[in-house]
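Residue numbers (the working numbering): 7 to 260. First comes the structure, then the notes that go with it.
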Amino acid sequence: MNFEGKIAISTGAASGMGLLFAQTWAELGGNVVLCDVNENVLKEKVEEINAKGKGKAIGAVCDVRNYNQICNARDKAVETFGRIDVVANFAGGTATRMRKVNREEYPEFPDVPIDVYDWGIDVNLKGPFYFAHAVLKQMREQKSGLIINIGSITGAEGDSYGMDYPTSKAGLMYGLTKSIAQYGSRHGIRCVCVSPGPVLTRAAMANMKTLLGRAAEPQEIIDLCLFLASDKGQFINGENIMIDGGRNAMNRCW
Ligand SMILES: NC(=O)c1ccc[n+]([C@@H]2O[C@H](COP(=O)([O-])OP(=O)(O)OC[C@H]3O[C@@H](n4cnc5c(N)ncnc54)[C@H](O)[C@@H]3O)[C@@H](O)[C@H]2O)c1
């Protein structure tokens with residue numbers, strides 16, 4: 007695959023899969039805008055990508071809960087590189103984990119302060135919704151573009167504690183992805199959701215069962231995203247693709 011002359015925006019790009027997507031995209035010749043709230047790490051990662059001398063990288067400090075910051079990131083991408091070919095919405099995570107909620111103090115769903123779940127729904131669902139609204143104008147002008155949403159097997163399974171997460175991910179996997187694909191079809195724009203099972207961006211994910219008896223390497227998820235953006239992936243649209251080692255096909259007994 008070769009992404010020379012192509013521009014991607016990756017969110018949640020200071021770590022995990024958002025970072026790996028940005029690094030691999032640049033490795034394959036594309037230019038990339040890394041968006042994250044973590045300004046220091048973002049700066050360091052942008053420098054690392056540029057030092058490799060392949061695709062160029064810039065950073066945009068951007069909280070995906072903030073529409074104005076998203077518009078600034080979009081404008082920075084267009085001012086620097088002239089267009090936006092791909093937006094990959096990696097920023098996200100379960101609020102109770104990301105916000106370090108103490109399970110002993112807040113044992114069940116109704117005990118957890120509502121602002122924790124607000125954070126989860128805002129980052130996981132509103133972030134990609136805001137991003138779509140902000141970048142579709144640019145993609146409409148170009149008459150091309152791809153938005154990759156990142157769902158999760160949990161969006162199909164539910165979670166009795168971290169309820170913000172499956173609620174938001176299901177919104178991406180079905181409603182938002184199909185809706186963007188429907189709108190985009192008039193303008194040469196596609197939208198696809200990639201929904202991983204457990205991924206080893208954290209060692210603990212190895213404990214989540216799959217039919218294949220292992221969790222995914224992060225690169226396996228990124229390779230699918232890159233395929234969707236490549237010449238070979240152009241007919242895939244409006245779809246949620248599970249990449250979960252068959253977890254969705256397991257006969258689970260609760
Ligand atoms: N790791 C898994 O097993 C797994 C499984 C299924 C889906 N996913 C999804 O994949 C995506 C990436 O997961 P990961 O494990 O690589 O994540 P990660 O925790 O390594 O990285 C998340 C990044 O998002 C950034 N972030 C947090 N809040 C933000 C905000 N408001 N605005 C912008 N950036 C923000 C963080 O600073 C961090 O750099 C997430 O959406 C996650 O829900 C992960």
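All C-beta atoms in this analysis are idealised placements derived from N, C-alpha and C, irrespective of residue type, glycine included.
Asked                                                                                                                   : Found
Just reading off the beta strand (DSSP E) that Ile158 is part of, what are its end residues?                            : According to the sequence shown, residue 158 is Ser rather than Ile. That residue, Ser158, is in no beta strand (DSSP E); it is neither H nor E in DSSP.
Span of the beta strand (DSSP E) holding Gly65?                                                                         : Ala63 to Val67
With which residues is Asp42 paired in a DSSP beta bridge?                                                              : Val67
So which of Gly161, Ala57, Lys51 and Ala94 has the shortest CA-CA distance to Asn254?                                   : Gly161
Run through DSSP, which three-state label would Ile228 get?                                                             : helix
Please look up how many angstroms separate the CB atoms of Val52 and Gly65, rounded, as I've assumed it's under 8 Å.    : 4 Å
Measure the C-alpha to C-alpha separation of Gly11 and Val47 and round it to an integer number of angstroms.            : 26 Å
State the start and end residues of the unbroken beta strand (DSSP E) segment that holds Val93.                         : Val92 to Asn95
Give the DSSP-derived three-state secondary structure of Met248 in the structure shown.                                 : strand
Of the residues Val205, His139, Asn74 and Arg192, which one's Cα is nearest the Cα of Ser150?                           : Arg192
Of the residues Asp117, Asn155 and Thr17, which one's Cα is nearest the Cα of Tyr167?                                   : Asp117
Less than 6 Å separating the Cβ of Gly261 from some heavy atom of ligand 1?                                             : Outside the displayed span of the chain (7 to 260) sits residue 261, for which this structure offers no information.
Could you spell out where the beta strand (DSSP E) holding Thr102 opens and where it closes?                            : No beta strand (DSSP E) contains Thr102, which is instead part of the alpha helix (DSSP H) from Ala101 to Met104.
If Leu131 and Leu178 are in contact, beta carbons under 8 Å, what's the gap, nearest whole angstrom?                    : 7 Å
Confirm the yes/no value for this check: CB of Ala97, any heavy atom of ligand 1, distance under 6 Å.                   : yes
Do the CB positions of Ile13 and Phe96 come within less than 7 Å of each other?                                         : no
Per the DSSP calculation, Asn37 is bridged to which residue(s)?                                                         : Ile13
So if DSSP puts Cys199 in a beta bridge, which residue, or which two residues, is it bridged to?                        : Asn155 and Asn246
Taking DSSP as the reference, what is the three-state secondary structure of Ala221?                                    : coil
Does the count of Cβ pairs from the region 99-110 and the region 143-157 closer than 8 Å reach three?                   : no
What did DSSP end up calling Val129 once you bin it into helix, strand or coil?                                         : helix
Report the three-state DSSP secondary structure of Val205 (helix, strand or coil).                                      : strand
Can you determine whether any heavy atom of ligand 1 sits closer than 6 Å to the C-beta of Gly11, and answer yes or no? : no
Is it the case that the Cβ atoms of Phe137 and Ile186 are separated by a distance below 7 Å?                            : no
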